[in-house]
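Participant: Take this structure first; my questions come after.
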Amino acid sequence: MATIHRNLSEYDKNNIPNGADFKVGIVVSEWNDSITMNLLKGAKEALLENGVPEANILIRFVPGAFELPLGAQLMLDNTDVDGVIAIGVVIQGETKHFDFVCQGTTQGIMQLNLEYNSPVAFCLLTDENIQQSIERSGGKHGNKGIECAIACIKMIELKKSFE
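Here the sequence shown is numbered in our numbering, starting from 1442 and rising by one per residue.
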């Protein structure tokens, strides 16, 4: 596993663009909210720490991970956000439902990145069990919400560098 010896919350703070002029949307799955709310907390804290004003952070909720791509698309279509962070978690169960939800959500988010030429950060935990999700949402591996907020800021800056 890629994060076994890594804290997802660690990043070089000197190498992050100032987000003072950025507007960032966050779409959060309500399913497994004990995990997604921790991811949201990490993402929001990282955005604020890197200059994004609280008034420029727009948060909306969707029922589950599978709805994240549409939630992000609606945000891109109906607001002036520079990028979106899609937050969700899917935990392996006994059926193939896990595979279909993970694949559909992943493909949907990737498609949005390409079709909209706007960053949609992939903050979807796809874990084997709840403990792995806890460890990646503020536990021993840090908080993937922070990692995705930083990725979103960097991609917004990259996009703006071409304008």
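Note that CB positions come from ideal geometry on N, CA and C, so glycine has one too.
Going by Cα to Cα distance, which pick from L1481, A1506 and E1604 is closest to G1549?
Facilitator: A1506
Participant: Tell me the DSSP secondary structure of V1530 in three-state form.
Facilitator: strand
Participant: Going along the chain, which residues of its own chain have a beta-carbon closer than 6 Å to the beta-carbon of N1459, five neighbours each way excluded?
Facilitator: G1492
Participant: Using a 10 Å radius around the Cβ and a threshold of 16 neighbouring Cβ atoms, would you call M1442 buried or exposed?
Facilitator: Only weak support exists for where M1442 lies, its pLDDT of 39 falling under 50; the value from the coordinates is given anyway. Label assigned to M1442: exposed.
Participant: Go through the segment 1493 to 1529 residue by residue and report every complete run of the beta strand (DSSP E) that reaches 3 residues or more, in order.
Facilitator: With a minimum length of 3 residues, the continuous beta strand (DSSP E) runs that stay inside the segment 1493 to 1529 are 1498 to 1503.
Participant: What is the rounded straight-line gap between the Cα of E1556 and the Cα of K1464?
Facilitator: Going from the Cα of E1556 to the Cα of K1464 covers about 19 Å.
Participant: Please classify M1442: does DSSP put it in a helix, a strand, or coil?
Facilitator: The pLDDT assigned to M1442 is 39, lower than 50, so where the model puts this residue is not dependable; a value taken from the coordinates is nonetheless given after this. Reduced to three states, the DSSP call for M1442 is coil.
Participant: Pick helix, strand or coil for I1467, following the three-state DSSP scheme.
Facilitator: Residue state, collapsed to three classes: strand.
Participant: Quick one: grab the DSSP three-state call for S1602.
Facilitator: helix
Participant: Tell me L1555's beta-bridge partners as DSSP assigns them.
Facilitator: According to DSSP, which records beta bridges pairwise, L1555 is partnered with nothing at all.
Participant: Within a Cβ cutoff of 6 Å, which residues of the same chain sit near Q1533, ignoring the five residues on either side of it in sequence?
Facilitator: The beta carbon of Q1533 is closer than 6 Å to those of F1539 and E1569 in its chain, skipping five residues each way along the sequence.
Participant: Please say whether L1517 and V1530 have beta carbons closer to each other than 8 Å?
Facilitator: no
Participant: Cα separation between N1554 and P1560?
Facilitator: 5 Å
Participant: For T1547, which residues in the same chain have their Cβ closer than 8 Å to its Cβ, ignoring the five residues on either side in sequence?
Facilitator: F1563 and L1565
Participant: Quick one: measure Cβ to Cβ for I1587 and S1450, integer angstroms, because I've assumed they're closer than 8 Å.
Facilitator: 5 Å
Participant: Take M1596 and list the residues in its own chain whose beta-carbon comes closer than 7 Å to its own, dropping the five residues that flank it on each side.
Facilitator: The beta carbon of M1596 is closer than 7 Å to those of G1524 and P1560 in its chain, skipping five residues each way along the sequence.
Participant: With distances taken from CA atoms, which of I1528, D1453 and Q1572 is nearest G1466?
Facilitator: I1528
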